[in-house]
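Beneath this line is the structure, given in structure tokens, with notes to follow.
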Amino acid sequence: MDIKTVTGPGLDPWLGRVASLRTTVFREYPYLYDGNAAYERDYLQTYRDCPEAIVLLVVDEDGDDETVVGASTGLPLVAADPAFRQPFEAAGIDPAAVFYFGESVLLPEYRGRGIGHGFFDLREDHAAKLGLPITTFCAVDRPADHPKRPTDYRSLDPFWTGRGYVKRPDLQAVFDWKDLGQAEETPHTLTFWLRGGFSS
-11 MDIKTVTGPG LDPWLGRVAS LRTTVFREYP YLYDGNAAYE RDYLQTYRDC PEAIVLLVVD
49 EDGDDETVVG ASTGLPLVAA DPAFRQPFEA AGIDPAAVFY FGESVLLPEY RGRGIGHGFF
109 DLREDHAAKL GLPITTFCAV DRPADHPKRP TDYRSLDPFW TGRGYVKRPD LQAVFDWKDL
169 GQAEETPHTL TFWLRGGFSS
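The opening residue of the sequence shown carries number -11 in the numbering used here; numbering runs sequentially from there.
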């Protein structure tokens, strides 16, 4: 399936649909995020308002219906939430050299078609055009024996390693959110993966 690139105001017609998709996929393991579309729409506004940001969409077209089934985001780290920049600053890595990959979400029935590689290819190309030598993303840490881990769950670590990314346990961020079935928000640790000048 084709991947559509949108930037700036071009995201406006898609905001609601992308926010809804994110809310749906983030309920899955390992996110287990009990979120809502209104919050996700506000979050996406950062990407809409950043001139150097990129949003990638996978749209299933059926006649006049256009269903967003996948989405991926990215922007320069200097434009991201300060909580993402802080670990790099503490490690002596200049955030101005880093392009941050936001979340990639894809409905289960569209997985296994190479779309994940497409998301990485296009964001890496975008980072290169901006002259940013380091690309990064972060992933939530969950214990291997987590009670909600599906028996058929497959870690994405081999996929990320195969694309040249290195897990950096020394670079972590902590965010609070409410897991499904929980009454209150709890802290969650996310570990960064890097490719580029400071990946090892």
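C-beta atoms are modelled at their ideal positions from N, C-alpha and C, and glycine is treated no differently.
Option in the options with minimal Cα separation from residue i
i: Lys166; options: Ala26, Val(-6), Ser60 and Tyr21; result: Tyr21
i: Thr55; options: Lys(-8), Arg183, Thr123 and Ala132; result: Lys(-8)
i: Ala116; options: Pro135, Phe87, Phe107 and Tyr98; result: Phe87
Which of helix, strand or coil DSSP assigns to residue i
i: Lys142; result: It is Arg, not Lys, that sits at residue 142 in the sequence shown. In this structure, Arg142 counts as coil in the three-state DSSP scheme.
i: Leu20; result: coil
i: Gly104; result: helix
i: His134; result: coil
Outcome for residue i when other beta-carbon atoms lying within 10 angstroms are tallied against a minimum of 16
i: Val162; result: exposed
i: Gly184; result: buried
i: His105; result: exposed
i: Ala132; result: exposed
i: Glu77; result: exposed
i: Gly51; result: exposed
Own chain partners of residue i with C-beta closer than 6 Å, once the 5 adjacent residues on each side are dropped
i: Leu(-1); result: Arg36 and Val43
i: Asp69; result: none
i: Ser187; result: For Ser187, the pLDDT reaches just 46, beneath the cut-off of 50, and the residue's location in the model is therefore unreliable, leaving the point undetermined.
Per DSSP, cross-strand counterpart(s) of residue i
i: Gly90; result: DSSP, once it has assigned bridges, lists no residue as partnering Gly90.
i: Phe76; result: Phe76 is not bridged to any residue.
i: Asp62; result: The amino acid at residue 62 is misidentified as Asp; the sequence shows Gly. DSSP lists Ile42 and Phe89 as partners of Gly62.
Residues near residue i by beta carbon distance below 8 Å, same chain, minus five either side
i: Thr179; result: Cys126, Ala127, Asp129, Lys155, Arg156, Pro157, Leu159 and Gln160
i: Glu40; result: Leu63, Pro64, Ala67 and Leu118
Close-in-space but distant-in-sequence residues of the same chain around residue i (CB under 7 Å, 5 per side omitted)
i: Trp148; result: Trp181
i: Tyr19; result: Val128
i: Arg29; result: Leu3, Gly4 and Ala7
i: Gly152; result: Arg183
Interface flag, residue i vs chain C, CB-CB below 8 Å
i: Ile122; result: In the displayed structure, chain C is absent; only one protein chain is listed.
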